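Residue numbers (full-length UniProt numbering), protein chains in the order written: chain A, 1 to 723; chain B, 1 to 81. Read through the structure below, which is laid out as structure tokens, and then see the notes.
So this is what it looks like as structure tokens:
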């Protein structure tokens, strides 16, 4: 069994850089069981020893109030971890040491990494590592993580500890004062009566947490057979301490811990030189009262352009590539079920997954860059007032704006929000932001039913409607789902740092590959299901296939000019597809469901073929832009305009034959905006929210909200005299 | 003497310095503030307000932190010249 080393430390202490420097490419990203907190594990070999490293979530404490802290505390208390490697930011030692005092209580052997010593030295801080080792009770190695300085020394130290040379690790405890220490000992005594409990968690740690009033410690206590006796002692201790001390235990404990940290820093480090740090100078501009917001908007615009304009280029290549692949396969394989599975199911399904990868990688790269430089915290600082009004967090702003490019990476971008509530609300409202795929549907529909100016206005209105709804739903979800105060906004503004290219690239690669493996399967399965619904039973009808082949042969036999032949063959193909789709399971479902949609899409009962819209909307579940190509198939009219004409045959058909009116067309657009997030988004919600429940909820509330608003549009429109 | 009067942190202006007297928040927020260094006697300096007036940026224990008004009203401080 290799020794397991847990990396613990504050956020922004450079823990992940140390992790990458130790393990290189030999690491794996997953989730901690039951939560959506990322779990990074890796291995490295040194002096013939194999060592395993687990990167714990970065936390300021182990008080188990947040998901991250709970995960870290649980992992540390478990028997899985053999050694705790505490990474400390050398230029912010005092606050970093607060966590160290808690880590020491866990009783595991510890070693310390004093990271980013170059930063500290630049600020004139000198440190005595020997004295630090004595006071902390564990070996200390100085490193500069991003330049991999000190990493070899660290590996050698860890290998020696793995061989059992742990004499440098001593236990050191903060002294909480006579009264608290006395009660702690009594509580420890009671805890030790339950051997299983005492083995699962150091008794002193558990006692301390109980006195501090930690809910997680109470939960642990509830599993013990000695809970009655321990609980009794706890009440007695609390009553005693309340009488004897003027402050509550949590305050005194925090004061003692900071006292320890403060004393230690005074002992081992010289104070920082006075004067403005580079960070302060940068912040004078970047969070400036008047310049801060324009600069932020500029940076946001840059990221948006890089992600969705630059990112669209490889995206188009991929989409075109798969389209021609499908076309080639369709031309060379005999028509039938297997060909259709390949051409209409598998190839578009794979394409629907892969097209997201370039934007995901680029956008996540940009966001990692913002995070690593420290600007993300400033962005949140600048926008928090506005977002707080909406019941969201300052960090929710970037996902919401990026959602207008594509919801899928936008939801992934919500990862940067620490609080689970804020993250969940952001994830749930982001799909309401109208993305570029929905724009394609609006362009076709609005272009058909409105004059160009009104069409443009309608399209802009859709985007504002989406944003407005996101705000409204944010407030609503906050008050409906998470009653109680919103999570505190106590956010560190870390010093600006130049990110390491390597770690940004590693981050981009991770996000892309995680998307392919986790969300990809869901998208692919959904695409295949929609293919099945929209092709069966017609695709299996041998008679139809036979007829189609005969018609083709008849056309070829006419020996018309090549262009004419091709055009007639395309018409035949469209006719065959139309026949299959219009008699498919999806069509039957559409006929069953269309009464439900009648109030919004057919208020006057004049559209016998309203069920066809349901097919298009069902297909649109895979990806919203598919709504248009499906309509082309259903209405047997191409969506490519002929040269010199403003409207495509599909648009002419919609205008003249579908029975949609400008008002119901508007309702159709509203419904398309909201009715459900696309498959990619649903897959991402399920991954990021951590359960199918939330993914299902996002579909359900979309359907209800979309229906309701479309219906309101129809009712209000008719009342105002529109048809 | 106004010097010894305890006032909410939210009343300090950019550039003002103070010393923490007491954290009045309760529950998880209190715990978080204590962990972040808001303990009796801790020195802090208000750096600036965000462009929209909230949250505030301050320096405590040698690092920069931002707090919303909601949190800063629950922290009692003494102004330090």
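Beta carbons are placed, not taken as given, at the ideal position from N, Cα and C, and that holds for glycine. None of the values given here were measured: they were computed from a predicted structure.
Less than 8 Å separating the beta-carbons of residue 173 of chain A and residue 247 of chain A?
-> no
Give the secondary structure of residue 258 of chain A by DSSP, where H, G and I count as helix, E and B as strand, and everything else as coil.
-> Helix.
Whole angstroms is fine: what's the gap from residue 496 of chain A's alpha carbon to residue 244 of chain A's?
-> 45 Å
Stretch-stretch touch, CB-based, cutoff 8 Å, three pairs: the segment 434-447 of chain A with the segment 404-416 of chain A = Because the criterion of three Cβ pairs below 8 Å is met, the segment 434-447 of chain A and the segment 404-416 of chain A touch.
Within 10 angstroms of the Cβ of residue 444 of chain A, are there 16 or more other Cβ atoms? Answer buried if so, exposed if not.
-> Per the 10 Å Cβ criterion, buried.
Would you call residue 534 of chain A buried or exposed, if buried means 16 or more other Cβ atoms sit within 10 Å of its Cβ?
-> buried
For residue 209 of chain A, does the count of other Cβ atoms within 10 angstroms reach 16, so buried, or fall short, so exposed?
-> buried
To which residues of the same chain is residue 565 of chain A closer than 7 Å at the C-beta, ignoring the five residues directly before and after it?
-> Result list for residue 565 of chain A: 555, 556, in chain order.
Return the residue from the list A:60, A:284, A:647, A:65 that minimises the CA-CA distance to residue 452 of chain A.
-> A:647
8 Å Cβ cut-off: residues of chain A touching residue 51 of chain B = 287, 288, 289, 290, 292, 293, 382
Which word fits residue 309 of chain A, buried or exposed, when buried means at least 16 other C-beta atoms lie within 10 angstroms of its C-beta?
-> Exposed.
Rounded straight-line distance, which links the Cα of residue 439 of chain A to that of residue 614 of chain A = 19 Å
Where does residue 64 of chain B fall in DSSP's three states?
-> strand
Indicate the three-state DSSP secondary structure (helix, strand or coil) for residue 612 of chain A in the structure shown.
-> Residue 612 of chain A carries a helical assignment under DSSP once its states are collapsed to helix, strand and coil.
Do three or more CB pairs link the segment 355-368 of chain A to the segment 325-340 of chain A at distances below 8 Å?
-> no
Pick from A:332, A:456, A:152, A:61: whose alpha carbon is nearest that of residue 45 of chain A?
-> A check of alpha carbon separations from residue 45 of chain A across A:332, A:456, A:152, A:61 identifies A:152 as the nearest.
Boundaries of the alpha helix (DSSP H) in which residue 23 of chain B is found, first to last residue = Unbroken run through residue 23 of chain B is the beta strand (DSSP E), 17-23; no alpha helix (DSSP H).
Roughly how far, in whole angstroms, is the beta-carbon of residue 34 of chain B from the beta-carbon of residue 73 of chain A, given that I think they are within contact range, below 8 Å?
-> Not a contact, Cβ separation roughly 17 Å.
Helix, strand or coil for residue 27 of chain A, going by three-state DSSP, please let me know.
-> strand
Taking the DSSP output, what are the residues bridged to residue 45 of chain A?
-> A:50
So what does DSSP say about residue 125 of chain A, is it helix, strand or coil?
-> coil
Check whether the Cβ atoms of residue 143 of chain A and residue 18 of chain A sit closer than 8 Å, and answer yes or no.
-> Contact flag set, yes.
When you check each C-beta in the segment 18-32 of chain B against every C-beta of chain A, which residues fall closer than 9 Å?
-> 22, 23, 25, 27, 28, 29, 30, 31, 32
Alpha helix (DSSP H) segments (min. 4 residues) lying fully within the segment 558-602 of chain A = List check, alpha helix (DSSP H) in window: 562-582, 585-601.
Cα-Cα separation, residue 39 of chain B to residue 30 of chain B | 10 Å
Which residues of chain B have a Cβ atom closer than 9 Å to the Cβ of residue 251 of chain A, listed in chain order?
-> 22, 23, 30, 34, 39, 40
Of all Cβ atoms in chain A, is any one closer than 8 Å to the Cβ of residue 147 of chain B?
-> Residue 147 of chain B lies beyond the range of chain B shown here (1 to 81); nothing can be said about it.
Would you mind telling me which residues of chain B sit closer than 9 Å to residue 489 of chain A, beta carbon to beta carbon, in chain order?
-> 55, 66, 67, 68, 70, 71
Just the Cα atoms here: how many angstroms apart are residue 348 of chain A and residue 394 of chain A?
-> Roughly 37 Å between the two C-alpha positions.
Since residue 388 of chain A meets chain B, which of its residues come closer than 9 Å, beta carbon to beta carbon?
-> 54, 55, 68, 70
State whether the segment 308-323 of chain A contacts the segment 358-365 of chain A, with contact taken as three or more CB pairs (one from each stretch) at a distance under 8 Å.
-> Flag = yes, the segment 308-323 of chain A and the segment 358-365 of chain A touch.
Enumerate, from N- to C-terminal direction, the unbroken beta strand (DSSP E) stretches of 3 or more residues contained entirely within the segment 383-425 of chain A.
-> none
Give the range of the beta strand (DSSP E) segment to which residue 8 of chain B is assigned.
-> 6-8
From the DSSP output, read off the bridge partner residues of residue 112 of chain A.
-> A:86, A:140
Taking only the alpha-carbon atoms, compute the straight-line gap between residue 126 of chain A and residue 45 of chain B and give it to the nearest angstrom.
-> 24 Å
Could you tell me the distance, in whole angstroms, from the CA atom of residue 9 of chain A to the CA atom of residue 374 of chain A?
-> 17 Å
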